[in-house]
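All remarks here apply to the structure that follows.
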Amino acid sequence: MNNIIVRGAREHNLKNISVELPRNEFVVITGVSGSGKSTLAFDTIYAEGQRRYVESLSAYARQFLGLMEKPDVDSIEGLSPAISIDQKTTSHNPRSTVGTVTEIHDYLRLLFARVGTPYCPICGRKIERQSPSEITDRLLAHFAERRAILLAPVVRGRKGEYRKLLGDLKREGFARARVDGTIYDIDEAEKLKLEKFEKHDIDVVVDRVVLREDDRGRLAESVELGLRRGEGLLRVLLPDTGEEELYSEKFACVEHGSVLEELEPRSFSFNSPYGACPECTGLGNRLEFSGDLVIPDDGLSIAEGAIAPWSKKGTGNGVYYWDKLRALAEHLDFDLKTPWRELREDVKQAVLRGVDEPFEVVFRRAGRETMRFSTEFEGVLKNLERRYKETDSEYMREKLEEMMELCPCPACGGSRYKPEILAVRVGGLNIAQVSNMSVLEAQTFFERLAHGEVNADLIAPHLENGMGGTQRVAPARNPDLKLSGFQAQVAPPILRAIQTRLVFLVDVGLDYLSLDRSANTLSGGEAQRIRLATQVGSGLTGVLYVLDEPSIGLHPKDNQRLIGTLKHLRDLGNTLLVVEHDEDTMLEADYIVDMGPGAGVHGGSVVAAGTPDEIRRHPESLTGKYLRGELRIEVPAERRKGNGKRLRVRGAREHNLRNVTLEVPLGTMTVVTGPSGSGKSTLIHDILHAHLARELNRAKTNPGKFDSIEGVDFLDKVIEIDQSPIGRTPRSNPATYTGVFTDIRDLFTRTSEARRRGYQAGRFSFNVKGGRCEACKGDGVVKIEMNFLPDIYVPCEVCKGARYNRETLEVRYQGKNISEVLDMTVEEAAEFFRNIPAIEKKMQLLVDVGLGYMKIGQPSTTLSGGEAQRIKLASELSKRATGRTIYILDEPTTGLHFEDVRKLMGVLERLVEAGNTLVIIEHNLDVIKSADWVVDLGPEGGVRGGEIVAVGTPEDVARHETSHTGAYLARIPEIRARLESQLPQPAAETVSAGKSTRKAKRDQAI
230 MNNIIVRGAR EHNLKNISVE LPRNEFVVIT GVSGSGKSTL AFDTIYAEGQ
280 RRYVESLSAY ARQFLGLMEK PDVDSIEGLS PAISIDQKTT SHNPRSTVGT
330 VTEIHDYLRL LFARVGTPYC PICGRKIERQ SPSEITDRLL AHFAERRAIL
380 LAPVVRGRKG EYRKLLGDLK REGFARARVD GTIYDIDEAE KLKLEKFEKH
430 DIDVVVDRVV LREDDRGRLA ESVELGLRRG EGLLRVLLPD TGEEELYSEK
480 FACVEHGSVL EELEPRSFSF NSPYGACPEC TGLGNRLEFS GDLVIPDDGL
530 SIAEGAIAPW SKKGTGNGVY YWDKLRALAE HLDFDLKTPW RELREDVKQA
580 VLRGVDEPFE VVFRRAGRET MRFSTEFEGV LKNLERRYKE TDSEYMREKL
630 EEMMELCPCP ACGGSRYKPE ILAVRVGGLN IAQVSNMSVL EAQTFFERLA
680 HGEVNADLIA PHLENGMGGT QRVAPARNPD LKLSGFQAQV APPILRAIQT
730 RLVFLVDVGL DYLSLDRSAN TLSGGEAQRI RLATQVGSGL TGVLYVLDEP
780 SIGLHPKDNQ RLIGTLKHLR DLGNTLLVVE HDEDTMLEAD YIVDMGPGAG
830 VHGGSVVAAG TPDEIRRHPE SLTGKYLRGE LRIEVPAERR KGNGKRLRVR
880 GAREHNLRNV TLEVPLGTMT VVTGPSGSGK STLIHDILHA HLARELNRAK
930 TNPGKFDSIE GVDFLDKVIE IDQSPIGRTP RSNPATYTGV FTDIRDLFTR
980 TSEARRRGYQ AGRFSFNVKG GRCEACKGDG VVKIEMNFLP DIYVPCEVCK
1030 GARYNRETLE VRYQGKNISE VLDMTVEEAA EFFRNIPAIE KKMQLLVDVG
1080 LGYMKIGQPS TTLSGGEAQR IKLASELSKR ATGRTIYILD EPTTGLHFED
1130 VRKLMGVLER LVEAGNTLVI IEHNLDVIKS ADWVVDLGPE GGVRGGEIVA
1180 VGTPEDVARH ETSHTGAYLA RIPEIRARLE SQLPQPAAET VSAGKSTRKA
1230 KRDQAI
């Protein structure tokens, strides 16, 4: 079959639709938010494809797989096995990294196990394993015709008298031994009185020979005997010159005896005990008490409670610790009433980390001694660590964890590996140093390694990384930078597999990520594109891939690479079904399905289906109207100047930020943009929001590194509106989050029937006993476990899904009971409660942000990230504005159609008009062009980013020659017209030439 044919789809709000989608093509499903795109793509087509595949397995296998419920559809023909690449499957496992998710780490482990060169972690000398015959050949080749004494080390740097050992050697037939560098007859050596508590070296003389080819047999036997008696080690002394060589038949340092077990791929896994650092078990970091969190306000003195856990409100015994601190103050001569920031550095360290030795304290009053005693002071941090380990109280643990932060493991320095594993190198670098590279750097390194072109300059920037912490690994002496011999034969197929996967990561715009980046720190869009790159690398054909907005978090300049990757996946022989709103992606698709016409009950139909050109010409398609320019989001006629005050972040240098200074005009809409990985989230979330939350909201956050932040006094609170769920259980819904459910319950308590029965507001809550149905505990459904079949949720037989008991449902307001009200859409509720201002206002705000289709009692677990974010926006709009609030939003256009973005911009404008400040991280050009102020970071991502490239109005940024964002802004007709109207007029005779030159420069920039 050439098509996927869906007939009679009725899942969620789909209105019995039928649609044909071409197989082995790039298909985009679009439409306004809530129109049924995800329902068609994921809940219908993907669910049925996955269900049919799993059903083909045995009953035993099915019990280990989550079988999806059969969607409400008459039939689907032409289905292939389906793979979903959505935004909700990001790994939260701290052991999962970019390298492990993409399988690059598996190939790295194989590469290091098969061609890695081990070095001694103590001295950096190359460790070589040699057989007895190889040692014999080496001696005859390098020292022919020279006298040699073969020694077997039996004691190396150990304390003791060793009389018994020397006696045993004598009985074994050995005639001589070297003790602490001097050779004795065995009888003389036995009579030596060695100091019991000093370290000694003892080597037994195995043979004295002249190294000649004629005596190869004798030499070989002596070498074997020496290795056997020396437990794999053999010393060769050349008495004529005093030279000495040490040989090993194991992976062991000939000098320090650092033994390395057989190199296997598992040795290079930080998830295996064979390779993981024993201190952090391969996590690379540990929870440790932070001085900044223990002393949250350095303006306070110790007497005023600067040490939070030892203050009266802390978790410790205040009187006991106060006495300890008084004793320390007497000993170190400082005043407990001095502000913490003004104390000497040695005093601060003593308070936090303790005093090593006990000290004597003398208290005096009126010049006379009143008390003398000896005491110890373990320090605040050590005290907290001890209490954390010893306590059995979960409450105490939680309180103490508030003062802890993730820090690199002190043993491995965050590298995750044992020292001996970090001492194995390929191309001069160990596996932690290679993993610490960005994808782009790794691509260059492996390309040069494959061609034998790795040099000292290439690896120099990475040598200080991955060398361990307290277990620091010594730098390698003259490391091998090129693959030779058997290495050059084994490595090529492994290198090709690594390079192929790196190319796919570059193609999806993730060249700035490091391979050891934890998967739980990735955004939804980044995680989705990594999985996309992994699927391309798998080379599967005949598969149905269903993707959910892969362009999220991607700068317009990276879009074409992503689209190229999607097309490559299609060209392998797969079908791509992509839920997307990005204009470039739609125009590059083979086929578009436009859902609508509206959202919720107003959607669920196929408005138009066809090629991009057919959609563009379709008269009824809302998407088509935006694509052909009939509808568009207008550029503001004027840019706000703000209230004249500014928020300044100076010297931001967390992660890849390069000591940048950010200025945000207060009272404006500021958009922070730039390529993926350029430092936007680090600057806004990790530094600005974390600091403002701590200063204004008393949050226990720990900001990234910066010098100072000015202008905080002009603000009263900071609110972050992100896409995290509004609740993590089905009991949370838009009504409970916005607070309108309280108003609705109060309204029901004022009805005559409720007053007659004496019902209070709690009676109308499905979360507490009294009014809810106890058979389903207010859930409305009952879960039935089906073993190897998927769990089934059936409506409660008692309340029929209403959630409340019969008595509660008998209370009605204007003919509707509480359950029927919760089942209303927001639009219906706004009309129903139009005479109740408190409820109508909140409902209207939800309509304004484009959520009129949503049921007010819809469980929060079924909401998308964009829907959750807009509910939070509506909730903020319902609050009384102070005009001194700063709102921080992260990509609010995620999941939004052009029409939804237009509505969103209206809502954001209302927030700014009230005098508030908006800081928005965004790539959407419609939002950027509507901003008052734009901060463009870059110029690229990762190590090539971290700088502020351009600032100013969108027109200012569009003029900037090196700004990627500016180049795309200059393409927008309204911006372009403004730029041309502001260009200086050239002399009359050069008008045409001047125009063509400017146009050429602008086109080149674009």
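Numbered as in my numbering, the sequence shown ends at 1235 without a single skipped number.
C-beta: ideal position from N, C-alpha, C; glycine also.
All values derive from a computational prediction rather than experimental measurement.
Asked	Found
Member of 1003, 434 and 830 whose CA lies at the smallest distance from the CA of residue 1029	1003
Which of helix, strand or coil DSSP assigns to residue 347	strand
Beta-carbon spacing of residue 518, residue 613 below 7 Å	yes
Burial state of residue 175, where buried means 16 or more other Cβ atoms lie within 10 Å	Coverage of the chain is limited to positions 230 through 1235, which leaves residue 175 absent and any answer about it impossible.
Beta-carbon proximity of residue 1128 to residue 851, cut-off 7 Å	yes
Three CB pairs or more closer than 8 Å across the region 972-992 and the region 1138-1153	no
For residue 900, three-class secondary structure by DSSP	strand
Among 1103, 552, 877 and 524, the one whose alpha carbon lies nearest that of residue 568	524
Residue 513 versus 638, 478, 468 and 587, residue with shortest Cα-Cα distance	638
Rounded separation between residue 813 and residue 263 - CA only	22 Å
Option in 1075, 944 and 710 with minimal Cα separation from residue 967	1075
Unbroken stretches of the alpha helix (DSSP H), 4 residues or longer, contained in the region 1084-1161	1094-1106, 1127-1142 and 1154-1159
Residue 655 to residue 241 span [Cα, whole Å]	55 Å
At least 3 beta-carbon pairs within less than 8 Å: the region 667-679 vs the region 618-638	no
Per-residue DSSP class, three states only, for residue 749	helix
Cβ contact (3+ pairs, closer than 8 Å) linking the region 475-482 and the region 418-428	no
Separation of residue 429 from residue 408, as counted between CA atoms	7 Å
DSSP three-state assignment for residue 1193, whether helix, strand or coil	helix
Spatial distance of residue 860 from residue 283 (CA atoms)	45 Å
Cβ pair count under 8 Å reaching 3, the region 780-799 against the region 837-852	no
Unbroken beta strand (DSSP E) run spanning residue 796, endpoints	That residue, residue 796, is in no beta strand (DSSP E); its alpha helix (DSSP H) goes 785-800.
Bridge partners - residue 387, DSSP secondary structure assignment	429
Range of the contiguous alpha helix (DSSP H) that encloses residue 965	963-967
DSSP beta-bridge partners of residue 260	824
CA nearest to the CA of residue 702, picked from 692, 279, 463 and 1073	692
Contacting residues, own chain, Cβ-Cβ under 7 Å from residue 684 (five flanking each side not counted)	710
C-alpha gap between residue 802 and residue 724, whole angstroms	26 Å
Beta-carbon proximity check, residue 665 vs residue 745, cutoff 7 Å	yes
Alpha helix (DSSP H) runs wholly inside the region 683-745, at least 4 long, in chain order	685-688 and 715-736
For residue 236, the first and last residue of its enclosing beta strand (DSSP E)	232-238
Counted within 10 angstroms of its Cβ, other Cβ atoms place residue 542 as buried (16 or more) or exposed	Caution applies to residue 542, whose pLDDT of 48 falls short of 50 and renders its modelled position unreliable; the value that the coordinates give is listed next. With fewer than 16 Cβ atoms within 10 Å of its Cβ, residue 542 is classed as exposed.
C-beta atoms of residue 239 and residue 231 nearer than 7 Å	no
Boundaries of the beta strand (DSSP E) in which residue 518 is found, first to last residue	514-518
For residue 347 and residue 499, believed in contact at Cβ under 8 Å, the rounded distance	Actually they are not in contact, since the Cβ atoms of residue 499 and residue 347 sit about 18 Å apart, beyond 8 Å.
Beta strand (DSSP E) runs contained entirely in the region 875-947, provided each spans 3 or more residues	875-881, 889-894, 898-902 and 937-939
Cβ pair residue 1115, residue 947 closer than 7 Å	yes
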